[in-house]
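So the structure is just underneath, and the comments pick up after that.
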Amino acid sequence: MNIVVLVKQTFDTEEKIVLEGGAVSEDGVKFVINPYDEYAVEQGILMRDAAGAGKVTVLSAGPARAAEALRTALAMGADEAVLIDDSRIPADEYSVSRVLAAYLTGLAERGEAADVVLGGNFSVDNGAGQVAVRLAGLLGLPHVASVTKLEVSGGVATAHRDAEGDTEIVEVSLPALFTAQQGLNEPRYPSLPGIMKAKKKPFATIGLDDLGLTVEQIAAKTERISVSLPPARAAGKKLAGDAAAQAAELARLLREEAKVL
Ligand SMILES: Cc1cc2nc3c(=O)[nH]c(=O)nc-3n(C[C@H](O)[C@H](O)[C@H](O)COP(=O)(O)OP(=O)(O)OC[C@H]3O[C@@H](n4cnc5c(N)ncnc54)[C@H](O)[C@@H]3O)c2cc1C
């Protein structure tokens with residue numbers, strides 16, 4: 127089974143966001159695999175092993191530092207990595223999905239079409255939740271978003287997805303694209319032998335020219351006008367007195383200050 131996993135490198139969710147010159151500062155920041163993409167990598171490895179054949183290719187469009195995320199995925203057990211690193215690619219969901227689509231189309235033309243494409247539900251930094259779904263649209267693939275269970279048998283996939291507290295079960299024929307939700311699996315940590323092996327696994331770095339794409343074809347559809355932090359939270363108020371006094375004061379504050387009563 128040929129499996130391609132989309133991997134975006136993101137800020138560690140523990141990092142504090144600092145704005146500098148209208149952009150998020152990357153100074154001293156720790157980057158990780160987008161947590162939802164970790165579930166996707168793990169799922170790819172589990173599905174390859176269950177099939178007993180095939181390979182898992184991890185694919186990212188990003189700057190040179192994104193190679194680190196791909197190396198981690200290789201150390202987890204993916205077989206090959208491809209980094210599309212080209213400063214002419216705009217940070218725009220349409221542009222990125224077009225670039226990824228060009229790579230996957232190239233694979234199909236070489237007779238190595240993906241049977242399954244896995245990605246994350248959304249990225250924990252920009253959080254557009256668009257790239258993977260747009261990619262399915264561009265490739266004409268069926269897709270199921272936010273899956274919590276995925277099984278494949280005889281060219282058909284059965285996916286469970288969260289639907290507002292209920293579970294929706296969707297059956298699609300392969301090839302298809304799925305985005306991972308928390309709970310899909312328990313991503314493994316890279317082992318030391320895994321890290322050593324990863325150093326010898328195929329790792330390709332390519333650009334727009336290798337994909338036969340022009341800058342015009344991937345022109346951004348969106349423009350970021352500004353970035354700002356949410357307003358600082360006002361300090362809380364502690365009410366004093368017995369329960370009756372506190373309840374009366376709370377009612378007064380809700381009526382006179384918050385004006386919600
Ligand atoms: C040269 C270059 C530099 C970049 N620099 C930055 C940067 O500094 N900061 C930054 O946040 N982004 C950067 N990107 C990535 C790009 O901006 C994002 O992919 C795009 O903004 C969409 O992200 P999102 O958060 O909206 O993804 P979402 O739509 O929320 O992501 C959903 C899922 O789609 C997949 N996906 C998303 N983006 C990618 C990707 N790039 N590659 C593979 N799979 C992906 C993942 O599986 C992800 O879980 C860069 C890209 C390139 C090519």
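Residue numbers for the sequence shown follow the working numbering, beginning at 127 and rising by one. Ideal Cβ positions, reconstructed from N, Cα and C, are used throughout, including at glycine.
- Item | Counted within 10 angstroms of its Cβ, other Cβ atoms place Asp153 as buried (16 or more) or exposed | Here residue 153 refers to the residue found at position 27 of the sequence shown. The residue in question, Asp153, is exposed, as its Cβ has fewer than 16 Cβ neighbours within 10 Å.
- Taking the runs of the alpha helix (DSSP H) that are 4 residues or longer, which of them lie wholly in the stretch 173 to 214? 192 to 202
- Query: Taking the continuous alpha helix (DSSP H) assigned at Leu233, which residues delimit it?
  - Reply: Counted from its first residue, the sequence shown places residue 233 at position 107. For Leu233, the uninterrupted alpha helix (DSSP H) segment begins and ends at 219 to 235.
- Query: Just to check, is the beta-carbon of Lys134 closer than 8 angstroms to a non-hydrogen atom of ligand 1?
  - Reply: What you label residue 134 is simply residue 8 of the sequence shown in a count that begins at 1. Yes - ligand 1 has a heavy atom lying nearer than 8 angstroms to the Cβ of Lys134.
- Item | Among Lys385, Asp241, Asn311, nearest to Gly281 - alpha-carbon criterion | Along the sequence shown, one-based indexing puts residue 281 at 155. Among Lys385, Asp241, Asn311, the Cα nearest to that of Gly281 is on Asp241.
- Task: Specify the secondary structure class of Asp288 as computed by DSSP and reduced to three states.
- Result: Numbered from its first residue, the sequence shown carries residue 288 at position 162. Three-state DSSP puts Asp288 in a strand.
- Query: Is it right to say Ile171 is buried, meaning 16 or more other beta carbons lie within 10 angstroms of its own, or is it exposed?
  - Reply: Stepping through the sequence shown from its first residue, residue 171 is reached at position 45. It counts as buried.
- Which residues in the same chain have their Cβ closer than 6 angstroms to the Cβ of Ala207, if we skip the five residues on either side of it in sequence? The sequence position of residue 207 within the sequence shown is 81, counting from 1. Excluding sequence neighbours, Ala207 sits near Val184, Leu196, Leu200, Phe329.
- Query: With distances taken from CA atoms, which of Ala149, Val150, Ala262 is nearest Leu132?
  - Reply: By one-based count along the sequence shown, residue 132 stands at place 6. The shortest Cα separation from Leu132 among Ala149, Val150, Ala262 belongs to Ala262.
- Does DSSP classify Ile332 as helix, strand or coil? Taking the sequence shown and counting its residues from 1, one reaches residue 332 at position 206. Looking at Ile332 - three-state DSSP - the assignment turns out to be strand.
- Item | Start and end residues, beta strand (DSSP E) containing Gln372 | Here the question's residue 372 lines up with position 246 in the sequence shown. Counting along the chain, Gln372 falls outside any beta strand (DSSP E), though it belongs to the alpha helix (DSSP H) covering 369 to 382.
- Item | DSSP three-state assignment for Asp323, whether helix, strand or coil | Your numbering for residue 323 matches position 197 in the sequence shown. With the sequence shown as reference, residue 323 is identified as Lys, and Asp is not the correct amino acid for it. DSSP places Lys323 in helix when its eight states are reduced to three.
- Out of Phe304, Ser299, Ser272, Pro301, state which residue places its alpha-carbon closest to the alpha-carbon of Thr290. Here the question's residue 290 lines up with position 164 in the sequence shown. The sequence shown places Glu at residue 290, rather than the Thr named in the question. Here the closest residue by C-alpha is Ser272.
- Kindly confirm or deny that the stretch 159 to 171 and the stretch 214 to 223 touch, where touching means at least three C-beta pairs closer than 8 angstroms. Cβ pair count under 8 angstroms is below three, so no.
- Val282 CB to nearest chain D CB: under 9 angstroms? The structure shown contains no chain D; it holds only a single protein chain.
- Item | CA-to-CA distance, Ala254 to Ala283, given in whole angstroms | By one-based count along the sequence shown, residue 283 stands at place 157. By one-based count along the sequence shown, residue 254 stands at place 128. For Ala283 and Ala254, the distance between alpha carbons rounds to 26 angstroms.
- Contact between the stretch 298 to 318 and the stretch 186 to 194 (3+ Cβ pairs under 8 angstroms): No, the stretch 298 to 318 is not in contact with the stretch 186 to 194.
- Message: Taking the alpha-carbon of Leu267 as reference, which of Ala370, Ala258, Lys275 has the nearest alpha-carbon?
- Response: Position 141 of the sequence shown holds residue 267. Ranking the options by Cα distance to Leu267, first place goes to Ala258.
- Item | First and last residue of the uninterrupted beta strand (DSSP E) at Ala262 | For the purposes of this step, residue 262 is taken as the residue at position 136 of the sequence shown. First-last for Ala262: 257 to 265, but that is the alpha helix (DSSP H), not the beta strand (DSSP E).
- Quick one: Cα of Ile321 to Cα of Gly232, how far? The residue you call residue 321 lines up with position 195 of the sequence shown. The residue you call residue 232 lines up with position 106 of the sequence shown. Going by the C-alpha atoms only, they are around 29 angstroms apart.
- Message: Quick check: the Cα distance between Ala239 and Asn128, rounded to an integer number of angstroms?
- Response: By 1-based counting over the sequence shown, the position of residue 239 is 113. By 1-based counting over the sequence shown, the position of residue 128 is 2. Ala239 and Asn128: Cα-Cα distance of roughly 7 angstroms.
- Query: How many Å lie between Ala227 and Ile143 at the Cα?
  - Reply: Taking the sequence shown and counting its residues from 1, the one referred to as residue 227 is at position 101. Taking the sequence shown and counting its residues from 1, the one referred to as residue 143 is at position 17. Computed Cα separation, rounded: 31 angstroms.
- Message: ligand 1 and Phe248: does any heavy atom of the ligand fall closer than 8 angstroms to the residue's C-beta?
- Response: Here residue 248 refers to the residue found at position 122 when the sequence shown is read from its first residue. Yes, since a heavy atom of ligand 1 falls inside the 8 angstroms radius drawn around the Cβ of Phe248.
- Cβ of Asp218 versus every heavy atom of ligand 1: is any distance shorter than 8 angstroms? Walking along the sequence shown from the start, residue 218 turns up at place 92. Checking the Cβ of Asp218 against ligand 1 gives yes.
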